[in-house]
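Asker: Numbering (this note's numbering), first residue to last: 13 to 338.
Structure below; questions to follow.
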Ligand SMILES: [Zn+2]
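Here is the structure:
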């Protein structure tokens, strides 16, 4: 994944290329911006540039064994780069036993992960000599102990060692972590670039308005294999709006097992369904079309609330209540 394959992030990518070409790559970057816009791809591309054995003008060749192993993940979990000097960290990526911990990481990246993967490595030179690169997915999920342990390393950066913290919620990082990392900002993708990405996958462009500039979200919503789940959700929610009272309406909806972002995607499908209905009825029955359009806005605002960490069950109950009043 060379830099040239990352769409719509020329400011961020130019900053990184310039640093590489001037030999001034910072030891700790913070890649900020919405989910699914290329932060992780850029982190892997930067890691390739740092470990490539046949660089061209200080940029990765993309073809040498080192470059290929950066982006080839192990087949068995934990799925991490095959290159020993590119270390991936993420909440729950490693089984507790591997980290020497007795509890699983359910909500946060805990201290044992930093101890095992970072602190035990940073005192030693890279296995293959060029650089040691740590990529931390959703770095805002570091708990206080883990963040403080990481901070010690960031304050005394060893030679040839680089950290790339990825986050869509930079405000949740400790101020001390923020001040020790250099921000590189990634923007929402334009509709045009989302269209290019969806076209490459042969996916439907109709999800673009609901994708909040995120390719990951657009791809998830346009995934054909999830069609059955989509139809089920849309029809359950439609039935709940027709139900005689709120209690029976809520009985149609079961989101207890749902992940917040999964529910957001499902609501995206319902929003598309409402938009289709409103379009179809605008001439024939403008009153109903108007109602569906108002419902569409309510669904979008609940999607935004879920993005900001709302509780799925409560958000859904509030949404059904509001939709029924429209
Ligand atoms: Zn290479």
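All C-beta atoms, glycine included, are put in the ideal place defined by N, C-alpha and C.
Starting from residue 90, follow its DSSP beta bridges and name the residues at the other end.
Answerer: Reading the chain shown from its first residue, position 78 is the one you call residue 90. Note: residue 90 sits in no beta bridge, so no partner.
Asker: Checking 8 Å against the spacing of the C-beta atoms, do residue 189 and residue 163 come in under that value?
Answerer: Counting from 1 along the chain shown, the entry for residue 189 is found at position 177. Counting from 1 along the chain shown, the entry for residue 163 is found at position 151. The answer is yes: Cβ separation under 8 Å.
Asker: Which stretch, first to last residue, makes up the beta strand (DSSP E) that contains residue 175?
Answerer: To locate residue 175, count along the chain shown from 1; it is residue 163. Looking at the DSSP string, the run of the beta strand (DSSP E) that includes residue 175 is 173-179.
Asker: Listed by chain order, which residues have C-beta atoms less than 7 Å from any heavy atom of ligand 1?
Answerer: Cβ-based neighbours of ligand 1 within the cut-off: 60, 64, 65, 66, 67, 72, 73, 74, 75, 76, 78 and 79.
Asker: Compute the Euclidean distance between the alpha carbons of residue 303 and residue 248, then round it to the nearest angstrom.
Answerer: For the purposes of this step, residue 303 is identified with residue 291 of the chain shown, where counting begins at 1. For the purposes of this step, residue 248 is identified with residue 236 of the chain shown, where counting begins at 1. Using only the alpha carbons, I get a separation of about 19 Å.
Asker: Rounded to whole angstroms, what's the CA-CA distance from residue 151 to residue 254? Just pull it up for me.
Answerer: Working through the chain shown from its first residue, we reach residue 151 at position 139. Working through the chain shown from its first residue, we reach residue 254 at position 242. The straight-line gap from Cα to Cα measures roughly 43 Å.
Asker: Could you name the residues that DSSP lists as bridge partners for residue 136?
Answerer: For the purposes of this step, residue 136 is taken as the residue at position 124 of the chain shown. BP columns for residue 136 are empty, so no partner.
Asker: Give me the residue from 299, 312, 300 and 43 with the minimum Cα distance to residue 278.
Answerer: As a first step, residue 278 is located in the chain shown; it is residue number 266 there, counting from the start. Minimum Cα distance to residue 278 is reached at 312.
Asker: Counting only C-beta atoms, is residue 223 closer than 8 Å to chain B at any point?
Answerer: Of the protein chains in the structure, only one exists, and it is not chain B.
Asker: Check each candidate in 86, 33, 54 and 26 and name the one with the smallest Cα separation from residue 68.
Answerer: Counting from one through the chain shown, the residue named residue 68 turns up at place 56. Closest by alpha carbon: 33.
Asker: My guess is that residue 31 and residue 39 are in contact by the Cβ rule of under 8 Å, so how many angstroms apart are they, rounded?
Answerer: Mapped onto the chain shown, residue 31 falls at position 19. Mapped onto the chain shown, residue 39 falls at position 27. So it is not a contact: roughly 11 Å between Cβ atoms.
Asker: Which whole-angstrom value is the C-beta distance of residue 103 and residue 126, which I expect to be below 8 Å?
Answerer: Position 91 of the chain shown holds residue 103. Position 114 of the chain shown holds residue 126. Contact doesn't hold; Cβ gap of about 12 Å is too wide.
Asker: Classify residue 36 as buried or exposed, calling it buried when 16 or more other Cβ atoms lie within 10 Å of its own Cβ.
Answerer: The count along the chain shown starts at 1 and reaches residue 36 at position 24. Exposed, by the Cβ-count rule.
Asker: Using the Cα positions of residue 258 and residue 286, report the straight-line distance between them to the nearest angstrom.
Answerer: Taking the chain shown and counting its residues from 1, the one referred to as residue 258 is at position 246. Taking the chain shown and counting its residues from 1, the one referred to as residue 286 is at position 274. Going from the Cα of residue 258 to the Cα of residue 286 covers about 20 Å.
Asker: Residue ranges of each alpha helix (DSSP H) run of no fewer than 4 residues wholly in the stretch 59-122, ordered along the chain?
Answerer: The qualifying runs are 77-83.
Asker: For the structure I just gave you, are there three or more beta carbon pairs, one from the stretch 226-237 and one from the stretch 70-88, closer than 8 Å?
Answerer: Too few Cβ pairs lie closer than 8 Å, so no.
Asker: With a floor of 4 residues, list each alpha helix (DSSP H) that falls wholly inside the stretch 243-280, ordered by position along the chain.
Answerer: Listed in chain order, the complete alpha helix (DSSP H) runs (minimum 4 residues) inside the stretch 243-280 are 258-263.
Asker: Whole angstroms is fine: what's the gap from residue 52's alpha carbon to residue 264's?
Answerer: Here residue 52 refers to the residue found at position 40 when the chain shown is read from its first residue. Here residue 264 refers to the residue found at position 252 when the chain shown is read from its first residue. Each residue's alpha carbon lies about 38 Å from the other.
Asker: For residue 280, which option in 246, 154 and 240 has the closest C-alpha, if you only look at C-alpha atoms?
Answerer: To locate residue 280, count along the chain shown from 1; it is residue 268. The option with the nearest alpha carbon to residue 280 is 246.
Asker: Look up residue 18 in the DSSP assignment and say whether it is helix, strand or coil.
Answerer: On the chain shown, residue 18 is found 6 positions in, with the first residue counted as 1. Here residue 18 sits in coil by DSSP.
Asker: Is residue 138 near residue 74, with beta carbons less than 8 Å apart?
Answerer: As a working mapping, residue 138 is identified with position 126 in the chain shown. As a working mapping, residue 74 is identified with position 62 in the chain shown. No, the Cβ-Cβ distance between residue 138 and residue 74 is not below 8 Å.
Asker: Tell me where the alpha helix (DSSP H) around residue 195 begins and ends.
Answerer: Walking along the chain shown from the start, residue 195 turns up at place 183. Element bounds for residue 195: not the alpha helix (DSSP H) but the beta strand (DSSP E), 194-197.
Asker: According to DSSP, is residue 168 part of a helix, a strand, or is it coil?
Answerer: Taking the first residue of the chain shown as position 1, residue 168 is located at position 156. Coil.
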